[in-house]
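J.:
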Amino acid sequence: MGTSTGQRRAQHIGRVDGCRAGARDVELGSTATAADIVSRLHARFLDWLHGRCSAFFPHRLALPMLWEGSACAPDFYFQDASVTEPSLHLHTDSSPNGYKVTIALEELGLPYRLHHVRIEQGEHRHPDFLRLNPHGRIPVLEDRGRGIVLFESAAILLYLAEQGGALLPQAPAARWDAITWLMFHASSVGPIFGQRVHFEHFAQERYLPAIERYRHLSEDIFAILDARLGARSWLAGDDYSIADIAHFGWLHVLRVIDIDFSRHRHLLAWYQRVAARPAVQRGVLLPEPATGP
1142 MGTSTGQRRA QHIGRVDGCR AGARDVELGS TATAADIVSR LHARFLDWLH GRCSAFFPHR
1202 LALPMLWEGS ACAPDFYFQD ASVTEPSLHL HTDSSPNGYK VTIALEELGL PYRLHHVRIE
1262 QGEHRHPDFL RLNPHGRIPV LEDRGRGIVL FESAAILLYL AEQGGALLPQ APAARWDAIT
1322 WLMFHASSVG PIFGQRVHFE HFAQERYLPA IERYRHLSED IFAILDARLG ARSWLAGDDY
1382 SIADIAHFGW LHVLRVIDID FSRHRHLLAW YQRVAARPAV QRGVLLPEPA TGP
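Just so you know, we're using our numbering here: the sequence shown kicks off at 1142 and counts up by one.
1. Based on the DSSP output, what are the partners of residue 1281 in its beta bridges?
2. On the criterion of 16 or more Cβ atoms from any shown chain inside 10 Å, does residue 1348 qualify as buried, or is it exposed?
3. With a 10 Å radius around its C-beta and 16 neighbouring C-beta atoms as the bar for buried, classify residue 1276 as buried or exposed.
4. In angstroms with no decimal places, state the Cα-to-Cα distance between residue 1334 and residue 1295.
5. Buried or exposed, going by whether 16 or more other CB atoms sit within 10 Å of the CB of residue 1289?
6. Rounded to the nearest angstrom, what separates residue 1355 and residue 1336 at their Cα positions?
7. Between 1236, 1237, 1241 and 1256, which lies nearest to residue 1229 when the distance is taken from Cα to Cα?
8. Taking just the CA atoms, how far does residue 1292 sit from residue 1300?
9. Is the beta carbon of residue 1308 closer than 7 angstroms to that of residue 1123?
10. DSSP has residue 1254 in a bridge; who is on the other side?
11. Cα separation between residue 1398 and residue 1432?
12. Does the distance from the C-beta atom of residue 1302 to that of residue 1352 stay below 7 angstroms?
13. Rounded C-beta distance between residue 1243 and residue 1279? I'm assuming under 8 angstroms.
14. Express the C-alpha separation of residue 1377 and residue 1330 in angstroms, rounding to a whole number.
15. What are the uninterrupted segments assigned as alpha helix (DSSP H) that are 4 or more residues long and contained completely in the region 1348–1385, given in chain order?
16. Can you find the residues in the same chain that come closer than 7 angstroms, C-beta to C-beta, to residue 1322, ignoring five residues on each side of it along the sequence?
17. Give the range of the alpha helix (DSSP H) segment to which residue 1269 is assigned.
18. Taking the continuous alpha helix (DSSP H) assigned at residue 1422, which residues delimit it?
19. Using only alpha-carbon positions, find the residue among 1388, 1281 and 1344 that is nearest to residue 1359.
20. Quick one: using the 10 Å Cβ neighbour count with 16 as the cut-off for buried, is residue 1317 buried or exposed?
21. When we look at the beta-carbon of residue 1434 and count the other beta-carbons within 10 Å, is it buried (16 or more) or exposed?
22. Taking just the CA atoms, how far does residue 1283 sit from residue 1400?
23. With burial defined as no fewer than 16 other Cβ atoms inside 10 Å of the residue's Cβ, what is the status of residue 1363: buried or exposed?
24. So, helix, strand or coil for residue 1465, using DSSP?
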């Protein structure tokens, strides 16, 4: 007799190194009762068991009374002799490019193990990580079962869509439309937004010509996306795809740091449609929620 999907999921939960998922269930600083906490964790477990999320990880900071001194440490996983390590290993931090991949993995429901690469602590310069990506940038995806290592978020999204059989249209015209908008994001949108955030928030000296340049270029991008979405629900084809996921990763972080694009009403409506998806809500918590500079 074959093993059901629920049984297979019950046999394996990928371990997450330093993961802090689950904040959507128990908010930091909440005063929930023990009964509330147990109820929420049980609901999270049922979501995972029935395939509505790909991992079940309680939030260690939200539940110190459960994790401190407990055998159920926050990086625990269920294991028996039949359990095997997932083939997919994602090395990432809380960033626009990292969220693209965690969202895609959550959408596809592919089992994976998440390794938190803490950039602020210099972990992206560790020799072990540089062996995966000599450029020292996240995200990196390993498919250990196939001996494949990928970096650059667009390449990873294409690989995951191929492996998962979703998030990329099959019809040639729609498929290449999605790939075109994905490449537009990789070559134009991401770099422009990245430079804007750098000069506005992280540069040691405020250089006004650069700030104005990237504000202007960002507004051009917002207008292009808004026009594209004026008569369609998604960026490419008739369905949500990796093109939407790629753009959302950056727009999510722009919203977190109060860069406003709400006057572009079609873009804002699209953003709200994507943000309402349960897998997206999970993905932007992994490995941690984004915060302002």
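Heads up, the beta-carbon is just placed ideally off N, CA and C, and yes, glycines get one too.
What you are looking at is a predicted structure, and each value in this text was computed from that prediction instead of being measured.
T.: A quick look at the data gives this:
1. Position 140 of the sequence shown, counting from 1, holds the residue named residue 1281. Answer by DSSP bridge pairing, in chain order: 1232 and 1292.
2. By one-based count along the sequence shown, residue 1348 stands at place 207. Classification of residue 1348: exposed, given that the 10 Å Cβ count is below 16.
3. Locating residue 1276 in the sequence shown gives position 135, where the first residue counts as 1. That one is exposed.
4. Stepping through the sequence shown from its first residue, residue 1334 is reached at position 193. Stepping through the sequence shown from its first residue, residue 1295 is reached at position 154. Looking at the two C-alpha atoms, the distance is approximately 16 angstroms.
5. Residue mapping note: residue 1289 aligns to position 148 of the sequence shown, counting from 1. By the neighbour-count rule (16 or more Cβ atoms within 10 Å), residue 1289 is not buried but exposed.
6. Start at 1 with the first residue of the sequence shown, and residue 1355 comes out as number 214. Start at 1 with the first residue of the sequence shown, and residue 1336 comes out as number 195. Approximately 7 angstroms, taken between the alpha carbons.
7. If you number the sequence shown from 1, residue 1229 lands on position 88. Among 1236, 1237, 1241 and 1256, the Cα nearest to that of residue 1229 belongs to 1256.
8. Position 159 of the sequence shown holds residue 1300. Position 151 of the sequence shown holds residue 1292. Each residue's Cα considered, the two are about 11 angstroms apart.
9. Residue 1123 lies beyond the range of the chain shown here (1142 to 1434); nothing can be said about it.
10. Sequence index remark: in the sequence shown, residue 1254 carries index 113 (1-based). Per DSSP, 1230.
11. Looking up residue 1398 in the sequence shown gives position 257. Looking up residue 1432 in the sequence shown gives position 291. About 7 angstroms.
12. In the sequence shown, residue 1302 corresponds to position 161, counting from 1. In the sequence shown, residue 1352 corresponds to position 211, counting from 1. For residue 1302 and residue 1352, no; Cβs fall outside 7 angstroms.
13. Working through the sequence shown from its first residue, we reach residue 1243 at position 102. Working through the sequence shown from its first residue, we reach residue 1279 at position 138. The Cβ separation is near 11 angstroms, so there is no contact.
14. Translated into positions along the sequence shown, residue 1330 becomes position 189. Translated into positions along the sequence shown, residue 1377 becomes position 236. Rounded to whole angstroms, residue 1330 to residue 1377 spans 16 angstroms at the Cα level.
15. 1349–1369
16. For the purposes of this step, residue 1322 is taken as residue 181 along the sequence shown, with counting starting at 1. The answer, listed in chain order, is 1376, 1377 and 1384.
17. Here residue 1269 refers to the residue found at position 128 of the sequence shown. Per DSSP, residue 1269 belongs to the alpha helix (DSSP H) from 1268–1273.
18. Here residue 1422 refers to the residue found at position 281 of the sequence shown. Run containing residue 1422: 1419–1424, per the alpha helix (DSSP H) assignment.
19. Here residue 1359 corresponds to residue number 218 of the sequence shown, with the count starting at 1. Among 1388, 1281 and 1344, the Cα nearest to that of residue 1359 is on 1388.
20. Residue mapping note: residue 1317 aligns to position 176 of the sequence shown, counting from 1. So residue 1317 ends up on the exposed side.
21. By 1-based counting over the sequence shown, the position of residue 1434 is 293. It counts as exposed.
22. Position 259 of the sequence shown, counted from the first residue, corresponds to residue 1400. Position 142 of the sequence shown, counted from the first residue, corresponds to residue 1283. Between residue 1400 and residue 1283, the C-alpha separation is close to 33 angstroms.
23. The residue labelled residue 1363 in the question sits at position 222 within the sequence shown. The residue is buried, with at least 16 neighbouring Cβ atoms inside 10 Å.
24. Any property of residue 1465 remains undetermined from this structure, which presents the chain solely from 1142 to 1434.
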